[in-house]
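Chains as they are written, first to last, in the working numbering: chain D, 11 to 306; chain F, 824 to 897. For every residue, glycine included, the Cβ atom is placed at its ideal position computed from N, Cα and C. Values in this document were obtained by computation on a predicted structure and should not be read as measured data. Structure record follows, encoded as structure tokens.
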């Protein structure tokens with residue numbers, strides 16, 4: 011007996027997946043993945059998500075490992091209305107497949123006292139510029155961290171950014187009181203008190219800003235701020251951490267660098283190969299040369 | 824200028840900062856407050872936080888296994 015083919019059988023599931031709809035194991039059920047750059051969402055948006063989950067799903071929502079939200083149990087017939095209601099709440103869909111994914115970020119200097127840079131500003135700018143970029147060998151993940159504590163695990167990503175600062179003793183406005191709290195704060199032994207004043211060994215300093223943060227009078231200041239860049243991190247079946255690619259890259263130079271790295275990945279990468287494997291295969295030196303050529 | 828004392832031995836962050844802040848609010852501008860803080864997170868965090876509130880940290884000195892911090896109220 012000929013059975014009526016349901017619309018589902020004619021859906022190109024791979025195309026749907028690119029747009030943030032992920033097939034669940036139940037028939038005709040999909041998870042809708044949302045785009046939540048740096049994990050920031052408003053109360054109004056969460057209320058809209060809850061409403062959609064209850065109206066069209068089964069009230070189940072999943073928080074993903076990369077700061078995303080997935081609304082479970084959405085049926086194919088409701089895709090359009092769900093997208094419409096999401097759009098009304100200022101929410102769009104995440105990415106899947108061989109595309110640049112949503113950029114993750116820790117709270118950073120906008121919220122966290124340890125933050126050395128605005129991860130929200132940089133993370134949102136990177137997401138805005140590069141999210142969804144395709145025609146690349148495999149998925150591409152970026153993350154922005156505000157300090158070496160790396161709460162958001164930038165080294166696990168294809169491209170990771172970590173805020174760094176260079177400390178400087180400046181007594182022009184505030185005199186050092188020789189409290190020794192800076193020496194106490196340094197975890198790498200780069201700062202020693204000499205004749206009651208901090209002396210910093212630049213070769214040992216890892217630019218985590220702990221001395222600056224510890225100073226109770228404000229005589230240790232930031233001489234410069236930037237981002238360390240790691241490249242080639244991945245998890246899954248063959249986890250590896252990203253390698254240090256560049257240090258103290260200025261915020262205004264990050265966009266060009268990221269663009270050149272993605273283009274180099276597109277040019278030199280082989281199909282289904284993560285960036286880390288591309289760098290390993292062609293060698294960091296050759297990869298960097300290609301990136302530099304791309305920046306011009 | 825009167826000198827006041829606050830012993831925050833065993834008080835964890837951020838309660839120690841909150842108590843210091845509240846005590847300072849009770850004082851007159853220019854008063855000195857001497858706070859006893861534990862080693863570790865308390866001494867690493869509180870002096871800086873007090874500075875950020877606008878008060879002046881005059882001195883930090885070891886006191887056995889703890890620290891004494893002298894603060895001038897803004």
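So, with DSSP's three-state summary, where would you put residue 173(D)?
If you number the first chain from 1, residue 173(D) lands on position 163. Here residue 173(D) sits in strand by DSSP.
Between which two residues does the beta strand (DSSP E) containing residue 128(D) stretch?
Taking the first chain and counting its residues from 1, one reaches residue 128(D) at position 118. Residue 128(D) -> no beta strand (DSSP E), and no H or E assigned at all.
Just to check my reading of the structure: residue 231(D) and residue 178(D) have Cβ atoms closer than 8 Å, yes? What is that Cβ distance to the nearest angstrom?
Within the first chain, residue 231(D) is the residue found at index 221, counting from 1. Within the first chain, residue 178(D) is the residue found at index 168, counting from 1. Indeed they touch by this definition, with Cβ atoms about 6 Å apart.
Would residue 48(D) and residue 151(D) qualify as a contact pair, given that the criterion is a beta-carbon distance under 8 Å?
Reading the first chain from its first residue, position 38 is the one you call residue 48(D). Reading the first chain from its first residue, position 141 is the one you call residue 151(D). Their beta carbons are not under 8 Å apart, which means residue 48(D) does not touch residue 151(D) by this criterion.
Over what stretch of residues does the beta strand (DSSP E) that includes residue 80(D) continue unbroken?
Mapped onto the first chain, residue 80(D) falls at position 70. 79 to 85 is the span of the beta strand (DSSP E), which, as asked, contains residue 80(D).
Whole angstroms are fine: how far does the CA of residue 81(D) sit from the CA of residue 127(D)?
Counting from 1 along the first chain, the entry for residue 127(D) is found at position 117. Counting from 1 along the first chain, the entry for residue 81(D) is found at position 71. Those two C-alpha atoms are separated by around 32 Å.
Taking C-beta to C-beta, are residue 199(D) and residue 220(D) nearer than 8 Å?
Walking along the first chain from the start, residue 199(D) turns up at place 189. Walking along the first chain from the start, residue 220(D) turns up at place 210. It is not a contact, given that the beta carbons lie outside the stated cut-off.
Coarse secondary structure for residue 301(D), derived from DSSP in three states
As a working mapping, residue 301(D) is identified with position 291 in the first chain. Note: residue 301(D) maps to helix in three-state DSSP.
Which first and last residues belong to the alpha helix (DSSP H) in which residue 121(D) is found?
The count along the first chain starts at 1 and reaches residue 121(D) at position 111. It is not in any alpha helix (DSSP H) - residue 121(D) carries neither H nor E in the DSSP assignment.
Output the boundary residues of the beta strand (DSSP E) element that contains residue 886(F).
For this step, residue 886(F) is matched to residue 63 along the second chain. It spans 879 to 886 - the beta strand (DSSP E) in which residue 886(F) sits, taken as one unbroken run.
Tell me whether residue 872(F) sits in a helix, a strand or coil according to DSSP, three-state version.
Within the second chain, the letter at position 49 stands for residue 872(F). Three-state result, residue 872(F): helix.
By DSSP, does residue 11(D) sit in helix, in strand, or in coil?
For the purposes of this step, residue 11(D) is taken as the residue at position 1 of the first chain. In this prediction, residue 11(D) scores a pLDDT of 40, lower than 50, which makes its location untrustworthy; the coordinate-derived value is nonetheless stated afterwards. Looking at residue 11(D) - three-state DSSP - the assignment turns out to be coil, as it is neither helix nor strand.
Contact set between residue 866(F) and chain D, taken where Cβ atoms lie within less than 8 Å
Locating residue 866(F) in the second chain gives position 43, counting from the first residue. Within chain D, the residues near residue 866(F) are 191, 194.
Give the straight-line distance between the Cα atoms of residue 105(D) and residue 197(D), rounded to the nearest whole angstrom.
Counted from its first residue, the first chain places residue 105(D) at position 95. Counted from its first residue, the first chain places residue 197(D) at position 187. Between residue 105(D) and residue 197(D), the C-alpha separation is close to 39 Å.
Contact the region 110 to 118 of chain D vs the region 36 to 55 of chain D: 3+ CB pairs below 8 Å:
yes
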